[in-house]
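Enquirer: Heads up: the sequence lines are chains A and B, in that order. Here UniProt numbering is used: the first residue of the first sequence is 1, the next is one more, and so on. Here UniProt numbering is used: the first residue of the second sequence is 1, the next is one more, and so on. Cβ coordinates follow ideal geometry from the N, Cα and C atoms, glycine included.
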Amino acid sequence: MGDSQYSFSLTTFSPSGKLVQIEHALMAVGSGQTSLGIKATNGVVVATEKKLPSILVDETSVQKIQLMTPNIGVVYSGMGPDSRVLVRKSRKQAQQYFRLYKETIPVTQLVRETATVMQEFTQSGGVRPFGVSLLIAGYDDNGPQLYQVDPSGSYFSWKASAMGKNVSNAKTFLEKRYTEVMELEDAIHTAILTLKEGFEGQISGKNIEIGIIGTDRQFRVLSSSEIDDYLAEVE
Amino acid sequence: MGRMTELPTKGGFSFDLCTRNDMLLKNGLQMPPFRKTGTTIVGLVFQDGVVLGADTRATEGPIVADKNFEKIHFMAPNIYCCGAGTAADTEAVTDMVSSQLQLHRYATGRESRVVTALTLLKSHLFSYQGHVSAALVLGGFDVTGPHLHTVYPHGSTDTLPFATMGSGSLAAMSVFESKYREGLTREEGIELVAEAICAGIFNDLGSGSNVDVCVITEGKTEYLRNYQLPNPRTYISSKGYTFVKGQTEVLSTKITSIQPKVEAVEGGDAMEE
Chain A
1 MGDSQYSFSL
11 TTFSPSGKLV
21 QIEHALMAVG
31 SGQTSLGIKA
41 TNGVVVATEK
51 KLPSILVDET
61 SVQKIQLMTP
71 NIGVVYSGMG
81 PDSRVLVRKS
91 RKQAQQYFRL
101 YKETIPVTQL
111 VRETATVMQE
121 FTQSGGVRPF
131 GVSLLIAGYD
141 DNGPQLYQVD
151 PSGSYFSWKA
161 SAMGKNVSNA
171 KTFLEKRYTE
181 VMELEDAIHT
191 AILTLKEGFE
201 GQISGKNIEI
211 GIIGTDRQFR
221 VLSSSEIDDY
231 LAEVE
Chain B
1 MGRMTELPTK
11 GGFSFDLCTR
21 NDMLLKNGLQ
31 MPPFRKTGTT
41 IVGLVFQDGV
51 VLGADTRATE
61 GPIVADKNFE
71 KIHFMAPNIY
81 CCGAGTAADT
91 EAVTDMVSSQ
101 LQLHRYATGR
111 ESRVVTALTL
121 LKSHLFSYQG
131 HVSAALVLGG
141 FDVTGPHLHT
151 VYPHGSTDTL
161 PFATMGSGSL
171 AAMSVFESKY
181 REGLTREEGI
191 ELVAEAICAG
201 IFNDLGSGSN
211 VDVCVITEGK
221 TEYLRNYQLP
231 NPRTYISSKG
241 YTFVKGQTEV
251 LSTKITSIQP
261 KVEAVEGGDA
271 MEE
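(1) Less than 9 Å between the C-beta atoms of Ala232(A) and Leu36(A), yes or no?
(2) Just list the beta strand (DSSP E) runs in the segment 66-133 of chain A, keeping only unbroken ones of 3 residues or longer that don't cross its boundaries, in chain order.
(3) Where does Asp16(B) fall in DSSP's three states?
(4) Put Ala270(B) into one of helix, strand or coil per three-state DSSP.
(5) Return the chain-ordered list of same chain residues with a C-beta closer than 8 Å to the C-beta of Ser161(A), the five sequence neighbours on each side being excluded.
(6) So with CB distances below 7 Å, who are the chain A contacts of Asp89(B)?
(7) Around the C-beta of Val167(A), are 16 or more other C-beta atoms found within 10 angstroms, so that it is buried, or is it exposed?
(8) For my contact list, Val193(B) and Gly139(B) are in at a C-beta cut-off of 8 Å; report their separation, rounded to the angstrom.
(9) Going residue by residue through the segment 145-199 of chain B, where are the continuous alpha helix (DSSP H) segments of at least 4 residues, counting only ones entirely within it?
(10) Are the C-beta of Met96(B) and some C-beta of chain A separated by less than 9 Å?
(11) Less than 8 Å between the CB atoms is what I'm expecting for Ile201(B) and Pro230(B), so what's the real figure, rounded?
(12) Distance cutoff 9 Å, beta carbons only. Does Ser112(B) sit that close to anything in chain A?
(13) Here's a check: name, in chain order, each residue in its chain whose Cβ is nearer than 8 Å to the Cβ of Asn203(B), leaving out the five neighbours to either side.
(14) Mind checking whether Phe162(B) and Gly38(B) have CB atoms under 9 Å apart?
(15) How is Val20(A) classed by DSSP in three states: helix, strand or coil?
(16) Given a threshold of 16 other Cβ atoms within 10 Å of its Cβ, counted over all protein chains shown, does Pro32(B) qualify as buried or as exposed?
(17) Going by DSSP, which residues form a beta bridge with Ile210(A)?
(18) Helix, strand or coil: which one does DSSP assign to Gly143(A)?
(19) Rounded to whole angstroms, how far is the Cβ of Ser112(B) from the Cβ of His104(B), which I believe are closer than 8 Å?
(20) Listing by chain order, which chain B residues have their CB less than 8 Å from the CB of Lys92(A)?
(21) Counting only beta-carbon atoms, is Gln218(A) nearer than 9 Å to chain D?
(22) Note the first and the last residue of the continuous beta strand (DSSP E) segment covering Asp66(B).
(23) Straight-line CA distance for Thr69(A) to Thr159(B)?
(24) With three or more C-beta pairs closer than 8 Å as the rule, is the segment 74-83 of chain A touching the segment 222-231 of chain A?
(25) Kindly confirm or deny that the segment 108-123 of chain B and the segment 12-32 of chain B touch, where touching means at least three C-beta pairs closer than 8 Å.
(26) Go to Leu136(B), then tell me how far its beta strand (DSSP E) extends in each direction, as first and last residue.
(27) Can you confirm whether the segment 62-82 of chain B touches the segment 215-228 of chain B when touching is taken to mean that 3 or more C-beta pairs between the two stretches lie within less than 8 Å?
(28) Would His149(B) be called buried (16 or more neighbouring beta carbons within 10 Å of its own) or exposed?
(29) Anything in chain B within Cβ reach of Arg99(A), meaning under 7 Å, just list it in chain order.
(30) Leaving out five residues before and five after Gly166(B) in sequence, what residues of the same chain have Cβ atoms less than 6 Å from its Cβ?
(31) Along the chain, where does the beta strand (DSSP E) containing Thr221(B) start, and where does it finish?
(32) Report whether the distance from the Cβ of Val250(B) to the nearest heavy atom of the ligand NAP is below 8 Å.
(33) Confirm, please, whether the CB-CB distance from Val46(A) to Val29(A) is below 9 Å.
(34) According to DSSP, is Lys39(A) helix, strand or coil?
(35) Out of curiosity, what's the CA-to-CA distance linking Val132(A) and Asp55(B)?
(36) Give a yes or no on whether 9 Å exceeds the smallest Cβ distance from Tyr106(B) to chain A.
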């Protein structure tokens, strides 16, 4: 790559105007496990593959989908430990917002704060960008919302999006299947079908994770038996 | 260069301003009175959990600043805290610990424990050497059962089956000492707490107005705001008030005419874009 002379330092632009480290971070995301999110009329669903490195790993100890506030959840593609750091920081920021305004933080504000943290790590010395893209799903007074945040710190609102290994197939599938009038239950089925598209091996409640939020505004991660029920409906 | 690591917080009270404060007092500065909560706050353990109670009067010296102040603060869905002392201090410290407990719940994935709240409160109060004037009755129900603690402004704590704090604590404690026994039912517990708070309301000047009660049991919390209203306002005249012209005595009259209008002059250079 002609830019390789400029690819060692995060804070140096290459002649073509790129920060090559951020491109590399996006590659790290692109080789991570597939995850996706779909916004329905009455809620949001996020889902991800949960392929464990060995059958000896206790899958009940791993949870990829996390809560940031009772009404905002997040899933990632890329480096798990990086996502843990971001989730921790975002939780703290949500609490600080509540302490100041005595109101729960709106989804857009939390996304903006998380994106700001990710951007800071692209313009500081001695640090590297986060190797994750996040899908943030929430339900507040502005209704259901789905945002994607990239290692560069840019964020977009999506009706449906996918990240990770199988991203192009998944996005094509979602483009075909997505409708504006989709309800949460349909969205969950569509999410499962999308994951199934690129899934190697037998899909079950133990090797995927699904998080949903509905009009009750309580984000929750489905149990593996609930996922198995949905899988049976989809067959 | 961005801030990479957060500096460890310096512990203890910062004494930087103490000499300046002493100097101001010597020069005759009148410190503004703190809004204190006077207060009667109580808690007791009954067979299924804990009951917390509080009065609702907030005082500023001899003046009642708030007739229906909430003294039972939320810490966690299964933990509540009554606060006596300086109102701002009790509000701020309970809000802060409540926030920390929420973050802790996310990090551990478990329901908060009363001893966690207790430790966070006492470490904070101790590091401020008693200058944070918050005297608290902390109660809740967690996986290890019902708990009741008192926390003093300097950071010491007690673990008790029944407790009272505030200026009305002696009045309330007399009720508890004569009537408390182990294995009270829920109704008996609530009645006893209400009686103790009423003792404070009627016998202590710093406490008054209404009784707030909070019942915490396994998996369920009931916040009974204004459980009793023993001091209703009974003197409102239904006819309203009329004020006849001339009723107020005129002591002196001074008439000042309004200044003539000032002309605004157009022109001058426009601001730089």
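Expert: In terms of the structure at hand:
(1) no
(2) 66-69, 72-78
(3) Note: Asp16(B) maps to coil in three-state DSSP.
(4) coil
(5) Beyond the five residues adjoining it in sequence on each side, Ser161(A) comes within less than 8 Å, by CB distance, of Leu36, Gly37, Leu135, Leu146, Gln148, Lys171, Leu174 in the same chain, given in chain order.
(6) The contacting residues do not exist; Asp89(B) stays about 15 Å from chain A at best.
(7) buried
(8) Wrong, their Cβ atoms sit about 11 Å apart, outside the cutoff.
(9) 169-179
(10) Closer than 9 Å: yes.
(11) 7 Å
(12) no
(13) Gly168, Ala171
(14) no
(15) Look at Val20(A) here: in three-state DSSP terms it is helix.
(16) Counting Cβ neighbours within 10 Å, Pro32(B) comes out exposed, since fewer than 16 surround it.
(17) Ile210(A) pairs with Ala47(A).
(18) strand
(19) Between His104(B) and Ser112(B) the Cβ distance is about 7 Å, and since that is below 8 Å, they are a contact.
(20) Per Cβ cutoff of 8 Å: Leu103.
(21) Of the protein chains in the structure, A and B, none is chain D.
(22) 63-66
(23) 32 Å
(24) no
(25) no
(26) 134-142
(27) yes
(28) buried
(29) Asp95, Ser99
(30) Thr39, Thr40, Ile41, Ala84
(31) First-last of the beta strand (DSSP E) with Thr221(B): 220-228.
(32) Annotation note on the ligand NAP: not contained in the displayed structure, which lists no ligands.
(33) no
(34) strand
(35) CA-to-CA, the gap between Val132(A) and Asp55(B) works out to about 52 Å.
(36) yes
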